[in-house]
Amino acid sequence: MKSPRFLFRFVLWVALAGLLACCTTSAIQTGNQRSTVTRKGSAGDPLNATYTIEWQEISLLNGRSEVEAAPGSATKIITAVFGTVVLGDLDGDGDEDAALILVHAPGGSGTFYYVAAALNTNGTYRGTNAVLLGDRIAPQYVTVRNGVIVTNYADRRFEEPMSTPPSVGKSRYLTLDENKLVGIQPLGEAEQAVEGRVTIGHEVRSFLPCSQKSDLWLLGNSPALREIVAAYRQTLPNPKPYTPLFMVLVGSYTERPADGFGAQYKGGFLATQLVQVWPKGNCD
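Heads up, the sequence shown is in the numbering used here, so the first residue is 5 and it goes up one at a time.
1) Mark proline 50 as exposed unless 16 or more other C-beta atoms lie within 10 angstroms of its C-beta, in which case mark it buried.
2) At the level of alpha carbons, what is the spacing between isoleucine 153 and glycine 264?
3) Looking at proline 283 and threonine 239, is the spacing between their C-beta atoms short of 8 Å?
4) Taking all protein chains shown into account, do 16 or more other C-beta atoms lie within 10 angstroms of the C-beta of glycine 294, making it buried, or fewer, making it exposed?
5) Could you check if proline 213 is buried or exposed, using at least 16 other CB atoms within 10 Å of its CB as the buried criterion?
6) Quickly, what does DSSP pair tryptophan 59 with across the bridge? List them, please.
7) For methionine 251, list the residues DSSP reports as bridge partners.
8) Where does isoleucine 105 fall in DSSP's three states?
9) Give me the Cα-Cα distance between threonine 179 and leucine 94, rounded to the nearest whole angstrom.
10) Using DSSP bridges, identify the partner residues of tyrosine 177.
11) If you reduce the DSSP assignment to three classes, tell me which class arginine 149 lands in.
12) Please classify leucine 220 as buried or exposed, where buried requires at least 16 neighbouring CB atoms within 10 angstroms.
13) Around the C-beta of serine 226, are 16 or more other C-beta atoms found within 10 angstroms, so that it is buried, or is it exposed?
14) According to DSSP, leucine 274 sits in a beta bridge with which residue or residues?
15) In chain order, what residues of the same chain have a beta carbon less than 8 Å from the beta carbon of proline 245, not counting five sequence neighbours either side?
16) Given this structure, state the Cα-to-Cα distance separating serine 167 from leucine 136, to the nearest angstrom.
17) Would DSSP call alanine 228 helix, strand or coil?
18) Taking the alpha-carbon of glycine 272 as reference, which of Ser69, Leu222 and Ala228 has the nearest alpha-carbon?
19) How many angstroms separate the CA atom of glycine 138 from the CA atom of alanine 262?
20) Excluding five sequence neighbours on each side, which residues of the same chain lie with their C-beta closer than 8 Å to the C-beta of glycine 35?
21) At which residues does the beta strand (DSSP E) containing aspartate 139 begin and terminate?
22) With DSSP run on the structure shown, which of helix, strand or coil describes glycine 266?
23) Residues in the same chain with beta-carbon distance under 7 Å from glycine 151, minus the five sequence neighbours each way, listed in chain order, please.
24) I need the straight-line Cα distance from valine 202 to phenylalanine 211, nearest angstrom please.
25) Give me, in chain order, the residues of the same chain whose beta-carbon lies closer than 7 Å to that of glutamine 33; leave out the 5 immediate sequence neighbours on both sides.
26) Taking the C-alpha atoms as reference points, what is the distance between valine 15 and leucine 65?
27) Indicate whether aspartate 99 and asparagine 124 have their beta-carbon atoms separated by less than 8 Å.
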């Protein structure tokens, strides 16, 4: 029969062996320090990823970060996810990425709202840079459609003081550019961000918006026309004649041209920005 001391040592050895086996699956021992294997800034959940706000990396834990403004300071810099995280493909790889609004209180009187994304690579989310929406605004919602993040919010007029409640509705459109989140240029008067299918070919230069039943002629004086044609040819280098390609454009609806090929269409579209090229895009 084994002695109590032997049994105690045996149980202790089993417990330590189990602990070491558990730990070695997630960390590597290096001298007297432990190095986590996971990639910096990445996590299995967008609520635990690392985002960049004004060149500072902020790591969230369950959707929140709270750090001292300075060592020993009672002032805290608080960053948290506002509302819900929205899923959708942003980089075209078929995985569901995430879009979210971050509220950032750096310790002063301002409360700043940002849009950020978390890119999904095999189930691991890596946060992007955050793009500023404004100070003490009223966010409404954020969505992902055909590779574009769309967020709506209320802001103040330029001349109104910060004490005035936000009442002016605004929208912001953002896309990825080499894994960096960027906002498109502000929309001009009468301009809209429009989803639809572009067709480029012999005697054809058309745009069929999702909201329309008939193709529109892409006007030759469209500032974004050259970029649209180049993107079409790069994405479809050898297409069948008149193959449509899904794009998101910014522009305005116009009358059809008085003559030329465009005169056969019911209307025209003056494209000022190419927002997104999304071959798998749809109007649903």
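From the three backbone atoms N, C-alpha and C, an ideal C-beta is built for every residue, glycine too.
Taking the definition as stated:
1) Translated into the one-based positions of the sequence shown, residue 50 becomes position 46. Proline 50 is buried by the Cβ-count criterion.
2) What you label residue 153 is simply residue 149 of the sequence shown in a count that begins at 1. What you label residue 264 is simply residue 260 of the sequence shown in a count that begins at 1. Taking the straight line joining both Cα atoms gives about 37 Å.
3) As a working mapping, residue 239 is identified with position 235 in the sequence shown. As a working mapping, residue 283 is identified with position 279 in the sequence shown. Going by C-beta atoms, threonine 239 is nearer than 8 Å to proline 283.
4) In the structure as shown, the chain begins at 5 and stops at 288. Residue 294 is therefore absent and cannot be evaluated.
5) In the sequence shown, residue 213 corresponds to position 209, counting from 1. When all chains shown are included, proline 213 counts as buried.
6) Position 55 of the sequence shown, counting from 1, holds the residue named residue 59. Beta-bridge pairing links tryptophan 59 to no other residue.
7) As a position in the sequence shown, residue 251 is number 247, starting the count at 1. DSSP output for methionine 251 lists Gly200 and Val281 as bridge partner(s).
8) Working through the sequence shown from its first residue, we reach residue 105 at position 101. In this structure, isoleucine 105 counts as strand in the three-state DSSP scheme.
9) Working through the sequence shown from its first residue, we reach residue 179 at position 175. Working through the sequence shown from its first residue, we reach residue 94 at position 90. Cα to Cα, threonine 179 sits roughly 7 Å from leucine 94.
10) The residue you call residue 177 lines up with position 173 of the sequence shown. DSSP, once it has assigned bridges, lists Val154 as partnering tyrosine 177.
11) Counting from one through the sequence shown, the residue named residue 149 turns up at place 145. Correct three-state label for arginine 149: strand.
12) Counting from one through the sequence shown, the residue named residue 220 turns up at place 216. Burial call: buried.
13) As a position in the sequence shown, residue 226 is number 222, starting the count at 1. It is buried - the Cβ of serine 226 has at least 16 other Cβ atoms within 10 Å.
14) As a working mapping, residue 274 is identified with position 270 in the sequence shown. Leucine 274 pairs with Ser256.
15) As a first step, residue 245 must be located in the sequence shown, where it is residue number 241. Around proline 245: Gly205 and His206.
16) By 1-based counting over the sequence shown, the position of residue 167 is 163. By 1-based counting over the sequence shown, the position of residue 136 is 132. Each residue's Cα considered, the two are about 20 Å apart.
17) Reading the sequence shown from its first residue, position 224 is the one you call residue 228. Looking at alanine 228 - three-state DSSP - the assignment turns out to be coil, as it is neither helix nor strand.
18) Walking along the sequence shown from the start, residue 272 turns up at place 268. If we check each option's Cα against that of glycine 272, Leu222 comes out closest.
19) The count along the sequence shown starts at 1 and reaches residue 138 at position 134. The count along the sequence shown starts at 1 and reaches residue 262 at position 258. The alpha-carbon atoms of glycine 138 and alanine 262 are separated by roughly 44 Å.
20) Within the sequence shown, the letter at position 31 stands for residue 35. Note that glycine 35 scores a pLDDT of 28, beneath 50, so its modelled location is shaky; the value from the coordinates is reported in the next line. So no residue of the chain qualifies.
21) Indexing the sequence shown from 1 puts residue 139 at position 135. Element bounds for aspartate 139: 135 to 139.
22) For the purposes of this step, residue 266 is taken as residue 262 along the sequence shown, with counting starting at 1. Of the three classes helix, strand and coil, the one that applies to glycine 266 here is helix, per DSSP.
23) As a working mapping, residue 151 is identified with position 147 in the sequence shown. Excluding sequence neighbours, glycine 151 sits near Asp93, Leu94, Gly96, Thr179, Gln280 and Trp282.
24) Within the sequence shown, the letter at position 198 stands for residue 202. Within the sequence shown, the letter at position 207 stands for residue 211. Each residue's alpha carbon lies about 5 Å from the other.
25) Numbered from its first residue, the sequence shown carries residue 33 at position 29. Reliability of the predicted coordinates at glutamine 33 is poor, the pLDDT of 26 falling under 50, and the value obtained from them is presented with this limitation in mind. Closer than 7 Å at Cβ, skipping near neighbours: no residue.
26) Numbered from 1 along the sequence shown, position 11 holds the residue referred to as residue 15. Numbered from 1 along the sequence shown, position 61 holds the residue referred to as residue 65. Because the pLDDT at valine 15 is just 36, under 50, the model does not fix this residue reliably, and the point stays unresolved.
27) Within the sequence shown, residue 99 is the residue found at index 95, counting from 1. Within the sequence shown, residue 124 is the residue found at index 120, counting from 1. For aspartate 99 and asparagine 124, yes; Cβs fall inside 8 Å.
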